[in-house]
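Engineer:
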Amino acid sequence: MATLTDAQRIVVKIGSALLVDRTSGALRADWLRALAADVAWLKSMGKDVILVSSGSIALGRRVLGLAAQELPLEQSQAAAAVGQIRLAGAYEEALAPHEITTAQVLVTLEDSADRRRYLNSRATLETLISLGVVPIVNENDTIATDEIRYGDNDRLAAQVAVTVGADALILLSDVDGFYTANPVLDPTARRYDIIDRITPEIEAMAGDGVSGLSKGGMITKLLAAKMATAAGCAMAITEGSPNNPLKLLENGAPSTWFTAQDDPQVARKRWIAAMKTRGVVAVDEGAARALGSGKSLLPAGIRHIEGDFGRGDPLAILGPDGRKLGQGLSRYTAEEASAIKGCQSTEIEAILGYAGRAAVIHRDDMAL
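By UniProt numbering, the letter at position 109 of the sequence shown is numbered 109, and the numbering carries on one by one without gaps.
#1: For Lys295, name the three-state secondary structure that DSSP assigns.
#2: Determine contact between the stretch 161–170 and the stretch 260–269, defined as no fewer than three beta-carbon pairs at a distance below 8 Å.
#3: Take Pro72 and list the residues in its own chain whose beta-carbon comes closer than 8 Å to its own, dropping the five residues that flank it on each side.
#4: Between the C-alpha atoms of Ala300 and Lys341, what's the straight-line distance to the nearest angstrom?
#5: With a threshold of 16 other CB atoms inside 10 Å of the CB of Ala350, please say whether the residue is buried or exposed.
#6: Kindly indicate which residue of Ala67, Leu329, Met45, Leu51 has the alpha-carbon position closest to the one of Gly25.
#7: Does the stretch 333–347 come into contact with the stretch 118–135, if we say contact requires no fewer than three beta-carbon pairs (one atom in each stretch) closer than 8 Å?
#8: Taking the alpha carbon of Ala103 as the point to measure from, which residue in Gly286, Lys13, Gly89 has its own alpha carbon closest?
#9: Would you mind working out which of Thr199, Leu368, His362 sits nearest Ala123, comparing C-alpha positions?
#10: How many whole angstroms separate the CB atoms of Leu172 and Pro245, which I take to be in contact at a CB cut-off of 8 Å?
#11: Helix, strand or coil for Gln327 per DSSP?
#12: Do the stretch 22–40 and the stretch 188–195 touch if we need at least three Cβ pairs shorter than 8 Å?
#13: Keeping to the same chain, check which residues put their C-beta closer than 6 Å to that of Asp313; ignore five residues upstream and five downstream.
#14: Between Gln8, Leu222, Gln344, which lies nearest to Met45 when the distance is taken from Cα to Cα?
#15: Going by the CB atoms, is the gap between Ala78 and Leu59 shorter than 9 Å?
#16: If you measure between the beta carbons of Ile136 and Val105, is that distance less than 9 Å?
#17: Since residue 415 and Asn153 should fall inside the 8 Å C-beta cutoff, what is the C-beta to C-beta distance between them, to a whole number of angstroms?
#18: Nearest to Asp321 by alpha carbon, out of Asp284, Gly55, Ala94?
#19: Please state the DSSP three-state secondary structure of His362.
#20: Going by the beta-carbon positions, is the gap between Thr238 and Asp193 smaller than 9 Å?
#21: I'd like to know if the stretch 225–241 and the stretch 254–261 are in contact, where contact means that at least 3 CB-CB pairs between them fall below 8 Å.
#22: Ala274: buried (16+ other C-beta within 10 angstroms of its C-beta) or exposed?
#23: Per the DSSP calculation, Gln104 is bridged to which residue(s)?
#24: With a Cβ-Cβ cutoff of 9 Å, do Ala158 and Leu249 count as a contact?
#25: Excluding the 5 residues flanking Gly319 on each side, which residues of the same chain have their C-beta closer than 6 Å to its C-beta?
#26: Can you give me the C-alpha to C-alpha distance between Ser76 and Arg86, rounded to a whole angstrom?
#27: Could you tell me which of Asp365, Met235, Gln344, Cys233 sits nearest to Leu291, measuring between CA atoms?
#28: Pull the bridge partners of Arg268 from the DSSP assignment, please.
#29: In whole angstroms, what is the alpha-carbon distance linking Gly209 and Ala17?
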């Protein structure tokens, strides 16, 4: 069975029902402080931690005095706008005593559907993590319409886990795992400790959620598990309402672990290798050697550019003899890459008129 101490990069999803008291609509501040202590514990072991948190609408509706029922879109967006600033402030206040810096990252479904925006989101999260920051990710409910919504933070958390190459995703839920049936309705329901493969029989066991505040039921958790495990990320469902839920999970609290199907970096490389290329970048001998030793592709090593491609599009990488070395995702458009080919990274800003990225194709976005 996987454990948190085995993981290096951990994404934790927190639902509204855990953060917000169902009766009063107030923030559960004591619980959040205990969660912050768990995050500090993980960080003290050198782990990267990303939190995907609901709660902005639940907090905002209380401030605005909105009814405890399904809200029309414009009221939901207004509640999110009011609640999001309080949610971010609450996380900052809870983690500050541990000398942990937080960052608010708001996303929509379009940020993962559009390759350029996906790469930008990934680069931002990677930079924050490298600086020791704990990103607090939430769906941007203030602008998202039904057409561009994830709709639940289980799948959003899985997408974040895939984006950052996490090896563990923890869904803090209102149930302590995946059951053969809804345990609230069926007292004979049995919890799985480990699920190695999500079969049609497993899918048929998923029922509706029991929370009055969260949108994600067990079906959405299975969809999240499919997404995460296919990308090499193990996933756990565990009861989140007790204080210090992450330490409790590590110490053997009831849970269901979905096992990863592959290493996250291997899975990502395989995904990139399967893409249809939109252009070609030919490199010199020095760049070919650097790529072979695991380096990124810098503009100085590029000899030739072909194709009409945009940022985030997959490119074939050719060596000096014309042989394909691999492929990767471009951080520049064809026009930009042509302008900076053969130049030093320090010259990019003078050529393009803005500070671009040092690499044309980063090693993490490359399959050789």
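Where is the CB? At the ideal position from N, CA and C, for every residue including glycine.
Structural biologist: Result, derived from the coordinates:
#1: Along the sequence shown, one-based indexing puts residue 295 at 295. Of the three classes helix, strand and coil, the one that applies to Lys295 here is coil, per DSSP.
#2: yes
#3: Start at 1 with the first residue of the sequence shown, and residue 72 comes out as number 72. Same-chain partners within the cutoff: there are none.
#4: For the purposes of this step, residue 300 is identified with residue 300 of the sequence shown, where counting begins at 1. For the purposes of this step, residue 341 is identified with residue 341 of the sequence shown, where counting begins at 1. When rounded, the distance between both Cα atoms is 6 Å.
#5: Working through the sequence shown from its first residue, we reach residue 350 at position 350. Flag for Ala350 reads exposed.
#6: Start at 1 with the first residue of the sequence shown, and residue 25 comes out as number 25. Taking only the C-alpha atoms, the option nearest Gly25 is Ala67.
#7: no
#8: Taking the sequence shown and counting its residues from 1, one reaches residue 103 at position 103. Minimum Cα distance to Ala103 is reached at Gly89.
#9: Position 123 of the sequence shown, counting from 1, holds the residue named residue 123. Residue His362 is the option with its Cα nearest to Ala123.
#10: Within the sequence shown, residue 172 is the residue found at index 172, counting from 1. Within the sequence shown, residue 245 is the residue found at index 245, counting from 1. Correct: roughly 5 Å between the Cβ atoms.
#11: As a working note, residue 327 is residue 327 in the sequence shown. Correct three-state label for Gln327: strand.
#12: no
#13: By 1-based counting over the sequence shown, the position of residue 313 is 313. Excluding sequence neighbours, Asp313 sits near Arg278, Ser330.
#14: In the sequence shown, the residue the question calls residue 45 occupies position 45. Here the closest residue by C-alpha is Gln8.
#15: In the sequence shown, counting from the first residue as 1, residue 59 sits at position 59. In the sequence shown, counting from the first residue as 1, residue 78 sits at position 78. Not closer than 9 Å, so no.
#16: The residue you call residue 136 lines up with position 136 of the sequence shown. The residue you call residue 105 lines up with position 105 of the sequence shown. Yes.
#17: As shown, the chain starts at 1 and ends at 368. That puts residue 415 outside it, with no answer to give.
#18: Numbered from its first residue, the sequence shown carries residue 321 at position 321. Comparing Cα positions, the closest option is Asp284.
#19: Locating residue 362 in the sequence shown gives position 362, counting from the first residue. Coil, per DSSP.
#20: Locating residue 238 in the sequence shown gives position 238, counting from the first residue. Locating residue 193 in the sequence shown gives position 193, counting from the first residue. Not closer than 9 Å, so no.
#21: yes
#22: As a working note, residue 274 is residue 274 in the sequence shown. Ala274 should be labelled exposed.
#23: If you number the sequence shown from 1, residue 104 lands on position 104. Paired residues: Ile136.
#24: Translated into the one-based positions of the sequence shown, residue 158 becomes position 158. Translated into the one-based positions of the sequence shown, residue 249 becomes position 249. Cβ atoms of Ala158 and Leu249: not closer than 9 Å.
#25: If you number the sequence shown from 1, residue 319 lands on position 319. Ala288, Leu325, listed in sequence order.
#26: As a position in the sequence shown, residue 76 is number 76, starting the count at 1. As a position in the sequence shown, residue 86 is number 86, starting the count at 1. About 15 Å.
#27: On the sequence shown, position 291 is the one that residue 291 refers to. The candidate whose alpha carbon is nearest that of Leu291 is Asp365.
#28: Counting from 1 along the sequence shown, the entry for residue 268 is found at position 268. Partner(s): none; Arg268 has no beta bridge.
#29: Position 209 of the sequence shown holds residue 209. Position 17 of the sequence shown holds residue 17. Reliability fails at Gly209, whose pLDDT of 43 lies under 50, so the model's placement of it is uncertain and no value is given.
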